[in-house]
Amino acid sequence: MTTNGPRHWVSTRLIPGLEDAGLLLILLAILASGLESVWGMLIARHIDLADLLLLFIYLELVTMVRMYWSSRKLPVRMPLYIAMVAIARHIVVDANHNAYEGILLISISALVLALAVLAIRFGHLRLPYTDEGHQRDA
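Letter by letter, the sequence shown follows residues 21 to 158 in my numbering.
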């Protein structure tokens, strides 16, 4: 099997190039949205907890892009963390408008996400993977 054929070029050049272009677009969109949020805070001359949580979400998204860009791998826990912060922000923003049942259900969803993170972490500790993605014999 030759390593100079079109399949090799597609897998080593084209697809990574498309990934990089997509990541750059995602990063630019995150930065634009973050700057828009900061501009709104400056204009309003007011920052509350919901704004800070939103900025934290932007920071986590930038970190997620950086992690994928540097290692070409994305830990599945990262989006779960972002989702938990987003749920916390939702509770803070809509706490006065939601019925208690709604807040309880949203809180349960945050708990489910936290349990998912724990389960994934436990799985990584008890059932580690090699670099090729195959499970090691314990």
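Every residue gets a Cβ at the ideal spot worked out from N, C-alpha and C, and that includes glycine.
About 5 angstroms separates the beta carbon of residue 112 from that of residue 69, a gap short enough to meet the 8 angstroms contact definition. Between the segment 74 to 89 and the segment 51 to 58 there are three or more inter-stretch CB-CB distances shorter than 8 angstroms, so the stretches are counted as touching. Between the alpha carbons of residue 98 and residue 41 lies a distance of about 21 angstroms. Buried is the label assigned to residue 102, since at least 16 other Cβ atoms lie within 10 Å of its Cβ.
Residue 133 is classed as buried because its beta carbon has at least 16 other beta carbons within 10 Å across all chains shown. Under the three-state reduction of DSSP output, residue 96 falls in the coil class, being neither helix nor strand. Residue 108 places its beta carbon less than 9 angstroms from that of residue 130. Around the beta carbon of residue 74, 16 or more other beta carbons lie within 10 angstroms, which makes this residue buried.
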